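A.B. asks:
Number of protein chains: 2
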Amino acid sequence: MPIARGTNALTQPLVISVDAMGGDHGPSVVVPACAQALAALPASARFLLHGDEAAVRSEAQRCRLPLDRVDVRHTDKVIAMDEKPAQAMRRGKGSSMWNTVEAIREGEAVAAVSAGNTGALWAISKLILRMRAELERPALVASMPHAKGITTFLDVGANVDCDAERLVEFAIMGEAYHRAAHGVARPTVGLLNVGSEEMKGHEEVREAHRVLREGGIDLNYKGFVEGDDITKGSVDVIVTDGFTGNVALKAMEGAARFMFSELRDALSRDWMARLGAVLARPSLRKFRDRMSPPPAAPLLGLNGLVLKCHGGADARDFAKSIRAAADLAQSGFASEIERNMRRLPAALADAGPASADGAA
Amino acid sequence: MPIARGTNALTQPLVISVDAMGGDHGPSVVVPACAQALAALPASARFLLHGDEAAVRSEAQRCRLPLDRVDVRHTDKVIAMDEKPAQAMRRGKGSSMWNTVEAIREGEAVAAVSAGNTGALWAISKLILRMRAELERPALVASMPHAKGITTFLDVGANVDCDAERLVEFAIMGEAYHRAAHGVARPTVGLLNVGSEEMKGHEEVREAHRVLREGGIDLNYKGFVEGDDITKGSVDVIVTDGFTGNVALKAMEGAARFMFSELRDALSRDWMARLGAVLARPSLRKFRDRMSPPPAAPLLGLNGLVLKCHGGADARDFAKSIRAAADLAQSGFASEIERNMRRLPAALADAGPASADGAA
């Protein structure tokens, strides 16, 4: 897909490439979300909207999407939510997800957003944009609410086996992302470990600890943290391998869902509880909103900016994701990552070979 | 410590050995807890209570502990809550925790309960009771509430690096424990893994999956589960390594604490919310109780029954822990573990070497 193609207006800075077909609801959520997001973004913002043109245009009419700021790019090919990543890579070319990501490589857009199949988005993004040399797969970030803000938690699902170098890379990327997304000048960074003194962590974790502490990487590294620090706000960025991160994230999401469901039951148990719930409703609603994590997460480590929005997102969630993509695209986080990544080889050498006393 | 020593009444079946000095509060919590527990246990139940005799007797008088059913064993040596396990092993002999566990080996008691330093309790229990041949360290179990009951989740902290054999042992022990603790005739078992198809788990997890599925071990094995299954009740027993389990447990505990704190804030925001909270209070209290996991967990894999109660326990929690110890001691779970453990070597051989297609 050539850059020109009569879309010169779209080569202006803030162009977001959007997968109209991704997620559980496709255009019926994505198109209204685009309308909401456009209203909140600067007048120069434009969207590329990839998917079934008829469906998109019909939704666009319904929700009054200003089509002068949107370039609809038709394709009738869609990656299914349950498609295997390997299959998506083989037969995904020309699909709405593929075209959404390809617009980044072609320089047509500065960020891509999809609520489609996570594994497929990883695989396709990696194939089209390629990873930065040092990294094998994109890392997935979770933003966890705590009393005073957000903890950036990664990797929550991409890289199951992580050596020390991988963990340090996550620290570098997570720190730059946290600054860009939350405006914290010098985010603090912690490495996830277990509590008992007797058996402080894997060898990989102890080695990463040593590199972060001694290796001359420019991070505000605070040492080991534990699982409950994720919602305590002890540090801004918490780093772990993709296995542990994925399990911890899902465990916390499950615990929160369970608690909300039990709370709902408790508040409808008898007339007193029901009346109480009615009176407390505005406060309870604010409470629920505070507990909801941001709907989108970037895939870190790609040569380009791709955000994954969760599949069940509604229009408000998807609009938030588009705005998050715009914020990130306008920040300097890619170059900050670049700067610290260049220090990594020296840092690994400096920290030297594993010693018996790696723990804090 | 010889079995006789004038304590013949204590060689009756249900004798529980209790560390009076463990936990954040020591005798001021443990002694009243013993009084509560004795009231609920059969008349034949007796306690050995290890610790500072003067402090114990003064508390006993205050809370009217029936001293004819309790043998107070004096020691003025106590393991500190922050003592390193290695140090506890070296200088722990004769401490209240040490004597509590030693009573099991001496055949004076059928179960031991302590709210003391977890690492020290592991180390001392392992030293005194020794592990079953196949196991290296005791596994720690968490009991997670879900809508219809309890999920048994292990290992949550002892064994950081686990090979497939270790994971299968956890499955065997967790299943027998779940049956004994919750009266489920044939508990279902799942192995914790990550969600993305593309990268289903570590090699160890895939190998354990193969052994559990094909190896002729007598378990109701259901395959892989994910982090959110812990609070869904998808299976009765969820198995993972001690690193992942510890992080997931603490992450969930942290998330629950954070939610309760935010909920408290939400319900005191304005007069409507406060009035609502007052009306809903009885229901909210039941909700909180449902969310609280059992206060004690067994250390599995020892030649003997040792329960760790959480350090911050109040008298009600500690009394519950003593009753849980009594229930377990009267169940057949030790022999059920024995039976399946004997099948393990053959099962490992049967499942054969790793194949490329280990995942479900």
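Chain order of the listed sequences is A and B. First residue of the first sequence: 359, per the working numbering; consecutive thereafter. First residue of the second sequence: 359, per the working numbering; consecutive thereafter. Where a beta carbon is used, it is the ideal one built from N, C-alpha and C, also for glycine. All figures in this text were calculated on a predicted structure; none of them were measured in a lab.
Where in the stretch 575 to 617 of chain A do unbroken runs of the beta strand (DSSP E), each at least 3 residues long, occur, reported from the N-terminal end onward?
C.D. replies: 578 to 583 and 595 to 597
A.B. asks: Hey, is the stretch 643 to 654 of chain B in contact with the stretch 489 to 505 of chain B, meaning 3+ C-beta pairs nearer than 8 Å?
C.D. replies: Enough Cβ pairs lie closer than 8 Å, so yes.
A.B. asks: Would you say B/H504 lies against chain A (beta-carbon separation less than 8 Å)?
C.D. replies: yes
A.B. asks: Can you list, in chain order, the stretches of the alpha helix (DSSP H) that have 4 or more residues and sit fully within the stretch 375 to 461 of chain B?
C.D. replies: If you keep only unbroken alpha helix (DSSP H) runs of at least 4 residues inside the stretch 375 to 461 of chain B, you get 385 to 398, 411 to 420 and 443 to 449.
A.B. asks: Could you list which residues in chain A have their beta carbon closer than 7 Å to that of B/L625, in chain order?
C.D. replies: A638 and S641
A.B. asks: Return the first residue and the last residue of the alpha helix (DSSP H) that B/G465 is part of.
C.D. replies: Careful: B/G465 lies outside any alpha helix (DSSP H) and carries neither H nor E.
A.B. asks: Tell me which same chain residues have a C-beta within less than 7 Å of the C-beta of A/T433, skipping the five on either side of it?
C.D. replies: H408, G409, G452, S453, S454 and N457
A.B. asks: Any contact of the stretch 478 to 494 of chain A with the stretch 394 to 403 of chain A, i.e. 3+ C-beta pairs under 8 Å?
C.D. replies: Segments in contact, no.
A.B. asks: Could you tell me the distance, in whole angstroms, from the CA atom of A/A631 to the CA atom of B/M630?
C.D. replies: 13 Å
A.B. asks: B/H504 by DSSP, collapsed to three states: which one?
C.D. replies: It is a strand residue.
A.B. asks: Grouping DSSP H, G and I as helix and E and B as strand, with all else coil, what is A/K484?
C.D. replies: Helix, per DSSP.
A.B. asks: For the stretch 545 to 554 of chain B against the stretch 600 to 613 of chain A, are there 3 or more C-beta pairs whose distance is under 8 Å?
C.D. replies: yes
A.B. asks: For the structure I just gave you, are there three or more beta carbon pairs, one from the stretch 464 to 479 of chain B and one from the stretch 370 to 385 of chain B, closer than 8 Å?
C.D. replies: yes
A.B. asks: To which residues of the same chain is A/A438 closer than 8 Å at the C-beta, ignoring the five residues directly before and after it?
C.D. replies: Once the five neighbours on either side are set aside, the close Cβ partners of A/A438 are N475.
A.B. asks: Per DSSP, which residues does B/V373 bridge with? Please list them.
C.D. replies: Bridge partners of B/V373: B/R404.
A.B. asks: If the cut is a Cβ gap below 7 Å, which residues of chain A does B/D382 touch?
C.D. replies: Those within 7 Å of B/D382 in chain A number zero; the least Cβ separation is about 16 Å.
A.B. asks: Along chain A, in chain order, which residues have C-beta atoms closer than 7 Å to that of B/L621?
C.D. replies: F645
A.B. asks: Residues in its own chain within less than 7 Å of B/M531 by CB, not counting five upstream and five downstream?
C.D. replies: A497, L658, G659 and I695
A.B. asks: Which same chain residues end up closer than 7 Å to B/V459 when comparing Cβ atoms and leaving out the 5 residues on each side of it in sequence?
C.D. replies: A470, I482, S483, I486, L487 and V664
A.B. asks: So is B/V518 in contact with chain A if we call contact Cβ pairs under 8 Å?
C.D. replies: Answer yes: the Cβ-Cβ gap between B/V518 and chain A drops below 8 Å somewhere.
A.B. asks: Within the 8 Å Cβ cut-off, does A/A655 reach chain B?
C.D. replies: no
A.B. asks: Which term fits A/L425, buried or exposed, when burial requires 16 or more other beta carbons within 10 angstroms of its beta carbon?
C.D. replies: Under this definition A/L425 is an exposed residue.
A.B. asks: Would you identify the three-state DSSP class for B/P545, choosing helix, strand or coil?
C.D. replies: coil
A.B. asks: Under 9 Å between beta-carbons, which chain A residues line up against B/K608? List them in chain order, please.
C.D. replies: Going along chain A in sequence order, the residues near B/K608 (Cβ under 9 Å) are V552, G553, E584, G585, D586, D587, I588 and A606.
A.B. asks: What distance in whole Å lies between the Cβ atoms of A/E494 and A/A709, which are believed to be in contact at a cut-off of 8 Å?
C.D. replies: That pair is no contact at about 21 Å.
A.B. asks: Give a yes or no on whether the minimum CB-CB distance between A/A500 and chain B is below 8 Å.
C.D. replies: No - not a single Cβ of chain B is within 8 Å of the one on A/A500.
A.B. asks: Please decide whether B/G559 counts as near chain A, where near means a Cβ-Cβ distance under 8 Å.
C.D. replies: True, the Cβ-Cβ gap to chain A drops below 8 Å.
A.B. asks: Less than 8 Å between the beta carbons of A/L423 and A/V373, yes or no?
C.D. replies: no
A.B. asks: With a Cβ-Cβ cutoff of 8 Å, do A/A538 and A/L633 count as a contact?
C.D. replies: no
A.B. asks: Mind checking which residues open and close the beta strand (DSSP E) that includes B/A654?
C.D. replies: A654 to L658
A.B. asks: Is A/G634 close to chain B? Criterion is C-beta to C-beta, closer than 8 Å.
C.D. replies: yes
A.B. asks: Indicate whether at least one CB of chain B lies closer than 8 Å to the CB of A/A307.
C.D. replies: Beyond the ends of chain A as shown, which are 359 and 718, falls residue 307 of chain A; an answer cannot be given.
A.B. asks: Give every residue of the same chain whose Cβ lies closer than 7 Å to the Cβ of A/E533, excluding the five residues on either side of it in the sequence, and list them in chain order.
C.D. replies: P545, V547, L577 and V595.
A.B. asks: Suppose you measure from the CA of A/V597 to the CA of A/L702; what does that come to, to the nearest Å?
C.D. replies: 16 Å
A.B. asks: Using the C-alpha atoms, what's the distance from A/A467 back to A/P390?
C.D. replies: 20 Å
A.B. asks: Buried or exposed for A/E561, please, with buried defined as at least 16 other CB atoms from any protein chain shown within 10 angstroms of its CB.
C.D. replies: Looking at its Cβ environment, which holds fewer than 16 other Cβ atoms inside 10 Å, A/E561 is exposed.
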